[in-house]
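Take the sequence shown: its position 62, counting from 1, is numbered 62 in the UniProt record's numbering, and each next residue is one higher.
Every residue, glycine too, gets a C-beta built ideally from N, C-alpha and C.
Below you'll find the structure, written out as structure tokens, and then a few comments.
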Amino acid sequence: MATEFGLSIVSPSKSIASEKSTAVTLPGSQGYMTILPDHSAMVAELGIGEMIVTNATTKEKESFFISGGFVEVRGDDVVVLADIVESQKEIQLEAAEEARKEALLALEGKKDQGDIDKSTKALKEAEYRIKVAKSVAS
């Protein structure tokens, strides 16, 4: 029985991590999921939220903001292909708080469903960036 797995986290603009992990919790499109060693093979769509990675060597947890993409589990390897992924250290709290204010203002008086959906997504992303920036996972 395996006690760890290889984890790769990539986005269109960068490779974030390639390490051995004992657990990764991430937002799926239908809710949060935790992947542990010996997980069944799968591919799942990612949502918006906080991803928490437990490093196999140090046992420390690291928090990331993630939005969209897919996760693939295959054997002892987990690959996170995210549309957007930012480590806790990369998030600028003031910018995230400003983005939240702008998204709330953009929602006011919107009648077009497309505009509402876009502003709602921006609000959710800003709120999770704030949460990750303030997280004590790491």
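Could you give the DSSP three-state label for ALA122: helix, strand or coil?
-> Reduced to three states, the DSSP call for ALA122 is helix.
Local Cβ density within 10 Å of SER40, reported as buried at 16 or more and exposed below that | The residue is exposed, with fewer than 16 neighbouring Cβ atoms inside 10 Å.
Contacting residues, own chain, Cβ-Cβ under 6 Å from ALA106 (five flanking each side not counted) = Cβ-Cβ distances below 6 Å link ALA106 to SER119 in the same chain, with the five nearest sequence neighbours on each side left out; the list follows chain order.
When the Cα atoms are used, what is the spatial distance from GLU127 to GLY109?
-> Taking the Cα positions, GLU127 is about 21 Å away from GLY109.
So what's GLY68 in DSSP terms, helix, strand or just coil?
-> If DSSP states are grouped into helix, strand and coil, GLY68 belongs with the strands.
Nearest neighbour of THR22, chosen from LEU36, LYS111, ILE91 [CA to CA] = Per the Cα distances, LEU36.
LEU7 to GLU125, Cα distance in whole Å?
-> Straight-line Cα distance between these residues: approximately 23 Å.
What is the C-beta distance between PRO27 and ILE91, in whole angstroms, given that I count them as a contact (C-beta under 8 Å)?
-> The pair is not a contact, with the Cβ atoms about 16 Å apart (cut-off 8 Å).
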